[in-house]
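A.B. asks:
Number of protein chains: 2
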Amino acid sequence: MQRNLYLTTTPVEEARAAYLEALRGDIRPQAEMIRVTDALGRITAEAVYAKFSSPLYNSAAMDGIAVISSRTDWASESSPVLLKPDEDYMIVDTGDPIRKPYDAVIMAEDIQETPDGVIIRSSAPAWQHVRPIGEDIISGEMILTRNHRIRPIDIGVLLSGGVTEIPAYRQPRVGIIPTGTEIVEPYDNPREGEIIESNSRMFEAMVRENGGIPMRYDIVRDDPDAIRESVQKALDENDLVIVNAGSSAGTEDYTVHILREIGEVFIHGVAMKPGKPVILARACGKPVVGIPGYPVSAYLAMENFVCPLLGALTGQKEAEGTTIQAVLTRRLVSSLRHREYVRVKVGKVGGRYVCAPLARGAGAAMSMVRADGFCIIPQETEGYEAGETVSVRLFRTMEELDRTLVCIGSHDLLLDIISDLMSGEPEGVRLSSTHIGSLGGLMALKRGEAHIAPSHLMDEKTGIYNESYIRTLFPGEEMVLVKTVGRVQGLIVAPGNPLGIRGVEDLTRVRFVNRQRGAGTRVLLDYKLSRAGIQAADVSGYDKEAATHMAVAAQVASGEADCGMGVYSAAHAMGLDFIPVGEEEYDFVMRKDSLDMPEVQCFLRLLGSEAFRSKLEELGGYTLEQPLKIREIPTGR
Amino acid sequence: MQRNLYLTTTPVEEARAAYLEALRGDIRPQAEMIRVTDALGRITAEAVYAKFSSPLYNSAAMDGIAVISSRTDWASESSPVLLKPDEDYMIVDTGDPIRKPYDAVIMAEDIQETPDGVIIRSSAPAWQHVRPIGEDIISGEMILTRNHRIRPIDIGVLLSGGVTEIPAYRQPRVGIIPTGTEIVEPYDNPREGEIIESNSRMFEAMVRENGGIPMRYDIVRDDPDAIRESVQKALDENDLVIVNAGSSAGTEDYTVHILREIGEVFIHGVAMKPGKPVILARACGKPVVGIPGYPVSAYLAMENFVCPLLGALTGQKEAEGTTIQAVLTRRLVSSLRHREYVRVKVGKVGGRYVCAPLARGAGAAMSMVRADGFCIIPQETEGYEAGETVSVRLFRTMEELDRTLVCIGSHDLLLDIISDLMSGEPEGVRLSSTHIGSLGGLMALKRGEAHIAPSHLMDEKTGIYNESYIRTLFPGEEMVLVKTVGRVQGLIVAPGNPLGIRGVEDLTRVRFVNRQRGAGTRVLLDYKLSRAGIQAADVSGYDKEAATHMAVAAQVASGEADCGMGVYSAAHAMGLDFIPVGEEEYDFVMRKDSLDMPEVQCFLRLLGSEAFRSKLEELGGYTLEQPLKIREIPTGR
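Protein sequences appear in the order of chains R and A.
Quick note on our numbering: the first sequence kicks off at -9 and runs consecutively.
Quick note on our numbering: the second sequence kicks off at -9 and runs consecutively.
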């Protein structure tokens, strides 16, 4: 067991095992008696035995009459038998006790009532339609083993068996301390230099999901005394304490020093990315975990270190989640020094799963929201080649993935609208969209990584959109082009257009932000520049790339750039001014046989819907093809 | 749309579709604004957009210094550059804003501090280690679509994007009314004729799991006025009302009459078993569902009719659960008139899934607890043959099933003990045990339906247990016998032995309860009877069968029978007297190659454990083989 390592990088499993081993004497699940009626989702700490039998007594299994079976022996269709009330039978409903001398039940449907009693036409063998005592549950029998998560049916059976309280693992209390002078509560309006505190709220939810009770403390400024005081209070009040951020080695990262002072630090730094600067410590006989500040790092540190602690404290086995094999769409290079968690989009295209890497930064929390899973690159591995089959740990069910329409290509805000509309449809289908530009999308479609590709690539010779690209890229394949919208492209500028930009001819005198290579918008810009006789080298910022229309608009909004090219809706969404440059055609490309997919059917239905049309109008800058035109594109052969 | 049908049997899907259609105008999910910090597990009612970008400003991605990139251009190993504080650089921590004129960050590790400033040895390109505004989240972009279930990561991203409240579907309130004069609260001590009310507590849990808020009302006696009053109060206070029991056609089944009076009854009776007497109604524009009283019927009626209503009210898609293909171990006969839900045990034996039907009664709630899934026999189908491959809807994950040791054969209480101990082991393995008698277990092992078979079959010629049966049944196979316990069998009688029973010779004068054919205990009884010269026909109750030792003891405890044969531990558990008849050997049989299975390893380790030994001592009546003897049984060839 190594102690007090300073930001070395211990492998993940080794760090976890060493930490759990170091804490072995401190963390054990504790049992408490809880009411069965409050037990949903809790875990039994011991086996539970029935106190009563169910049924508690021999009882009628049907509505009808209780009879003495021996007196029915000779009844038949040809010789009916009359039974006298109180003497030969009594009326019973389901559940009523069957007491001596009665020993069988005849169903209400099988008797004929007369003024003198009832007539039966068949005999009733002893114990017919009688539930014997203990038929369901026998007093003293084991109903549940230990380590069983209580389901609704268990609650019913426990109560039927006379059990009203059960021993369950106590839910550990987890203190969560957000630190940082720059951190503000989400309800405050942050100014430049301030960061909204959101990690602790994610932690609360993760603690709840893992059977703990979170206890969040106020934000503590970067002051060693204040942090020490808060940690000590949290240690008094909880079974486990999380200190967020300050876990690295920066000028204001006090956590590790404080934990060394008041306890022991076992590990500082694990070989994972994102999430390296983790602190695994103990103070006052309780675990204290220092979690890095970047949201993806924080998530992974929680998942790898805090969730297993909660498992050990609640008797829960770790849920492993589903892992599938998927074909990687892009090369992934990683360092030998750490395990890397790469967020990926996953889709099922042409019968196989494909996964496409998303943004890899520790700060790219939104990519966690968008991701369908993690592709985990082990330590000691340099990465994977495009086309290699890799393991992906899913965040979603395979059923969800099987009903997901995979869209890769040019970005437009209308994709979000369709995605939202699809989520509201009864089919339970989903749109997964990744933005790598028009040409990238067509290549992905070609390689079988996408079902549909949104594209707005103009043929400079003919002025016709997309068709020549399809013919070139998909020779001999049956392709269709869904003509969707005309959209206005233009220059996005600061409100009021302070630099007086009138068109592409002014781009030589401003700071520009471009789109990535292969983006239709960049193709359009190049076309416009060449017609204006302007060289790329003369545009300052031509090489500065942003991946979406919104990212371009954001750069202009922040003053980072004076101008960028994009769609009206993006400028409009961010309150910027817009100088139209031209209208272009934004279409969807797919293989003809994809038209039969229920996901495509839903997608096309929504493109033609009134809801979509009115949302587009709200965004502004679009002309919608109505009705939708679906064209087969001849590709020769 | 059929109305007011009286216990006809509408097919399940038809009934559900007709009911949802009839309610179409009444039930719609409603949205409410909720705090993001309370949103875990809730479902978005609309798309959610970011209010702020994240980061909110260009910020340092690393701890280090912010520099003006153009001033670093000429720095290299051979010509280091000195930067002056405040003029050329400022110290920044991760997250600090990078303002003009600074446009790049150099990591702390890459600088050398001197009294005059810092020395750098490589240039910093513009925007190095700077997170541009909106790199993660761009103001105005869609973070979540509608119908998205909030996860911890979503909470973090929403708050980072400046969103503190989101529109979510309102959680419907569900009124639950238990009815029945014979029903008592679980906390009361039930007497004969009383039934513990447990269904409503199961319903509460099911409502919670399906996103609703349950509101349970007091038990109402079987009185039409009282029921009407309670239903009306519940309709005032809830979005949906469940009336439990009284939904059939018995003498005290008022529910349907009351619902006809105050509203409309669309369906009374669906073609499913268990669960036929369901009432689907509307009153005051709200759905009212009458649920049958038997617990399995109640569960299925909830699952088929109330859960879909909750889905419609909360915007949730129905979770389908996993369905697998499994080989059926026994013939299943079912009626053409209904769909039948047969509870099954599922195990993976020899690479294939096998499923064994459990008790089919509507009252057998314990079989729901024990079951691993449902085999659903469609309406219009007569059932399945043994050996047929059938679909099974699982209650468990496939991972759990893959780590389950399947044990079929003779019943003994020690199986519960081992099952409980296995659940406490770190391997995450599980014991699934089914009791069909020793011979039945060996046959199941033979057919590849079980991994191990507990058996206590004596060879009458030699007095040796199990070995001759293995040789006969498994010729040429490599088998092992795990000699486990000696256990005392005897006659279980009422406390104080009021009939003065001394041994099997007295069985001709008492009411006996026997075990089923193929049970080792029955084989032992037959052996003892034949040695005493007694004919089976002379034993009253010889044909009355119970499936387990505990079931025999329960019949004696209730006075149903005077005497039965079983193990000491069962008599002891139920406070009965016991007359020893002889000791027998209770062993486990398996194929030799099963010894390598981790589940078997865990099982054998626990059989030899101190914890097991002390539990056996508590039960009484056992002598444990220590150490465990594992014998290979020669089977010829």
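In this text, a Cβ means the ideal position worked out from N, Cα and C, and glycines have one as well.
For the putative contact between Glu573 of chain A and Arg477 of chain A, defined by C-beta atoms under 8 angstroms, what is the C-beta separation to the nearest angstrom?
C.D. replies: With 8 angstroms as the limit, Glu573 of chain A and Arg477 of chain A qualify as a contact, their Cβ atoms being about 7 angstroms apart.
A.B. asks: Helix, strand or coil for Ile110 of chain A? Go by DSSP, reduced to three states.
C.D. replies: Looking at Ile110 of chain A - three-state DSSP - the assignment turns out to be strand.
A.B. asks: Does Asp126 of chain A come within less than 9 angstroms of chain R when only Cβ atoms are used?
C.D. replies: True, the Cβ-Cβ gap to chain R drops below 9 angstroms.
A.B. asks: List, in chain order, every chain R residue whose beta-carbon is nearer than 7 angstroms to that of Leu230 of chain A.
C.D. replies: In chain order: nothing, as chain R lies at least about 17 angstroms away.
A.B. asks: In whole angstroms, give me the CA-to-CA distance for Ile252 of chain A and Asp215 of chain A.
C.D. replies: Cα to Cα, Ile252 of chain A sits roughly 12 angstroms from Asp215 of chain A.
A.B. asks: With respect to the beta strand (DSSP E) encompassing Gly480 of chain A, which residues constitute its N-terminal and C-terminal limits?
C.D. replies: Where Gly480 of chain A is concerned, the enclosing beta strand (DSSP E) stretches over 469 to 483.
A.B. asks: In the DSSP assignment, the beta strand (DSSP E) including Asn189 of chain A goes from what residue to what residue?
C.D. replies: No beta strand (DSSP E) holds Asn189 of chain A; the alpha helix (DSSP H) holding it covers 189 to 199.
A.B. asks: Of the residues that make up the region 521 to 548 of chain A, which ones have a beta carbon closer than 9 angstroms to any beta carbon in chain R?
C.D. replies: Correct list: Lys534, Ala536, Thr538, Met540, Ala541, Ala543, Ala544, Gln545, Ala547, Ser548.
A.B. asks: For Ala98 of chain A, which three-state DSSP category applies?
C.D. replies: It is helical.
A.B. asks: Determine the DSSP secondary structure at Leu13 of chain A, reduced to helix, strand or coil.
C.D. replies: Coil, per DSSP.
A.B. asks: Can you name the residues of chain R whose CB is closer than 8 angstroms to the CB of His138 of chain A?
C.D. replies: Simply Ser413.
A.B. asks: For Val147 of chain R, which residues in chain A fall below 7 angstroms Cβ to Cβ?
C.D. replies: Ordered by position in chain A, the residues that pass the 7 angstroms Cβ test against Val147 of chain R are Ala355, Met356, Val359.
A.B. asks: Can you list, in chain order, the residues of its chain with a C-beta nearer than 6 angstroms to that of Arg386 of chain A? Leave out the 5 residues immediately preceding and following it.
C.D. replies: Cβ neighbours of Arg386 of chain A beyond the five flanking positions: Asp362.
A.B. asks: Could you give the DSSP three-state label for Leu447 of chain A: helix, strand or coil?
C.D. replies: The answer is coil: DSSP assigns Leu447 of chain A none of H, G, I, E or B.
A.B. asks: Which runs of the beta strand (DSSP E) fall wholly inside the region 284 to 330 of chain R and span at least 3 residues, in chain order?
C.D. replies: The qualifying runs are 313 to 318.
A.B. asks: Beta carbons nearer than 7 angstroms to chain A: which residues of the region 104 to 127 of chain R have them?
C.D. replies: Cβ contacts with chain A come from Arg121, Pro122, Ile123, Gly124, Glu125, Asp126, Ile127.
A.B. asks: Is DSSP giving Ile166 of chain A helix, strand or coil here?
C.D. replies: Strand.
A.B. asks: Whose C-alpha, out of A:Ile314, A:Glu535, A:Thr424, is nearest the C-alpha of Arg507 of chain A?
C.D. replies: Measuring from the Cα of Arg507 of chain A, the nearest candidate turns out to be A:Glu535.
A.B. asks: Can you give me the Cβ contacts of Asn179 of chain R inside the same chain, cut-off strictly under 7 angstroms, excluding the 5 residues immediately before and after it?
C.D. replies: Same-chain partners within the cutoff: there are none.
A.B. asks: Given Arg621 of chain R, which residues of its chain have a CB within under 6 angstroms of its CB, disregarding the five upstream and five downstream residues?
C.D. replies: The answer, listed in chain order, is Leu471.
A.B. asks: Taking C-beta to C-beta, are Arg136 of chain R and Thr304 of chain R nearer than 9 angstroms?
C.D. replies: No, the pair does not count as a contact, with Cβ atoms beyond the cut-off.
A.B. asks: Counting along the chain, where does the alpha helix (DSSP H) carrying Ser220 of chain A start and finish?
C.D. replies: Here the alpha helix (DSSP H) through Ser220 of chain A covers 214 to 227.
A.B. asks: Pair every Cβ in the region 104 to 121 of chain R with every Cβ in the region 390 to 398 of chain A, then say whether three or more of these pairs are closer than 8 angstroms.
C.D. replies: Short answer: they don't touch.
A.B. asks: Along the chain, where does the beta strand (DSSP E) containing Gly556 of chain R start, and where does it finish?
C.D. replies: Gly556 of chain R -> beta strand (DSSP E) spans 553 to 557.
A.B. asks: From the DSSP output, in three-state form, read off Asp83 of chain R for me.
C.D. replies: DSSP places Asp83 of chain R in coil when its eight states are reduced to three.
A.B. asks: With 16 other CB atoms within 10 Å as the buried threshold, where does Pro485 of chain R fall?
C.D. replies: So Pro485 of chain R ends up on the exposed side.
A.B. asks: What whole-angstrom Cβ distance do Glu468 of chain R and Arg581 of chain R have, given they're in contact under 8 angstroms?
C.D. replies: Right, the Cβ-Cβ distance comes to about 7 angstroms (below 8 angstroms), so this counts as a contact.
A.B. asks: Measure the C-alpha to C-alpha separation of Val380 of chain R and Tyr331 of chain R and round it to an integer number of angstroms.
C.D. replies: Between Val380 of chain R and Tyr331 of chain R, the C-alpha separation is close to 13 angstroms.
A.B. asks: Determine the direct distance from the alpha carbon of Glu607 of chain A to that of Glu600 of chain A, and round the result to whole angstroms.
C.D. replies: Taking the straight line from one Cα to the other gives about 11 angstroms.
A.B. asks: Tell me which residue opens and which closes the beta strand (DSSP E) that Lys276 of chain R is part of.
C.D. replies: Start and end: 276 to 281.
A.B. asks: For Glu608 of chain R, which three-state DSSP category applies?
C.D. replies: The answer is helix: DSSP assigns Glu608 of chain R an H, G or I state.
A.B. asks: Tell me whether the beta-carbon of Pro277 of chain A lies closer than 9 angstroms to the beta-carbon of Thr154 of chain R.
C.D. replies: No.
A.B. asks: Return yes when the Cβ of Ile217 of chain A is within less than 9 angstroms of the Cβ of Gly236 of chain A, no when it is not.
C.D. replies: Closer than 9 angstroms, so yes.
A.B. asks: Where Gly414 of chain A and Gly431 of chain A are concerned, what is the direct C-alpha to C-alpha distance, given to the nearest angstrom?
C.D. replies: Roughly 26 angstroms separates the two Cα atoms.
A.B. asks: Looking at the structure shown, is His138 of chain A part of a helix, part of a strand, or coil, going by DSSP?
C.D. replies: Of the three classes helix, strand and coil, the one that applies to His138 of chain A here is coil, per DSSP.
A.B. asks: Please go through the same chain and pick out, in chain order, the residues whose beta-carbon is closer than 7 angstroms to the beta-carbon of Ser423 of chain R, but skip the five residues on each side of it.
C.D. replies: Cβ neighbours of Ser423 of chain R beyond the five flanking positions: Cys397, Leu405, Ser409.
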